[in-house]
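Novice: What follows is a single structure, and I will ask about it in a moment.
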Amino acid sequence: MKTDIHPTYYPEAIAKCACGNTFTVGSTMEKIDTEVCGACHPFYTGKEKLMDSMGQVQKFKERASQKKTGTVSKRVKKIQKRQSRAKKAE
Numbered sequence: 006m007k008t009d010i011h012p013t014y015y016p017e018a019i020a021k022c023a024c025g026n027t028f029t030v031g032s033t034m035e036k037i038d039t040e041v042c043g044a045c046h047p048f049y050t051g052k053e054k055l056m057d058s059m060g061q062v063q064k065f066k067e068r069a070s071q072k073k074t075g076t077v078s079k080r081v082k083k084i085q086k087r088q089s090r091a092k093k094a095e
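Using the working numbering, the first residue of the sequence shown is number 6, and each one after it goes up by one.
Below you can see the structure in the form of C-alpha cells.
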C-alpha cells in the first residue's frame with residue numbers, strides 16, 4: 006500500500022454559513038463556507054427565502070404571471086390557425 010496518500014483530517018473543522026451560523030464538523034478542509042445550513046434552509050425553517058442568482062427568480066415570476074394573464078400557448082395558436090385555414094377552404 007502507498008503511504009502518505011490520504012488527505013489530512015481535521016476533526017475540529019469550522020463550518021461557517023452565509024447567515025452567520027458557525028458549527029464544528031470533521032472534514033478534510035480546515036474551514037468551510039456554505040450558503041445555506043440547517044438554521045436558515047427554507048425546508049427546515051418553514052419560511053420562503055429566495056436566493057436569486059442572475060435574475061432567475063424574476064424570470065420565473067414573469068413567466069408565471071404571463072400564464073395567469075391568459076397568454077395563448079404555441080399549441081393553441083397552431084390549432085386556431087388550422088381552424089381558420091379550414092374555414093377559408095370551405
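We put the beta carbon where it would ideally sit given N, CA and C, even for glycine.
None of these values were measured; they are calculated from a predicted model.
Tell me the start and end of each unbroken beta strand (DSSP E) in the stretch 15 to 44 that is at least 3 residues and wholly inside, in chain order.
Specialist: As far as the stretch 15 to 44 is concerned, its whole beta strand (DSSP E) runs of at least 3 residues are 15 to 22, 27 to 32 and 36 to 39.
Novice: I need the DSSP call for residue 84, collapsed to helix, strand or coil.
Specialist: Helix at residue 84.
Novice: Between residue 36 and the rest of its own chain, which residues show a CB-CB distance below 6 Å, the 5 nearest in sequence each way excluded?
Specialist: Closer than 6 Å at the Cβ level, and outside the excluded window around residue 36, lie 19.
Novice: Can you tell me which of the three DSSP states residue 12 falls into?
Specialist: Looking at residue 12 - three-state DSSP - the assignment turns out to be coil, as it is neither helix nor strand.
Novice: With distance defined between alpha-carbon atoms, name the residue in 7, 17, 42 and 34 nearest to residue 24.
Specialist: Measuring from the Cα of residue 24, the nearest candidate turns out to be 42.
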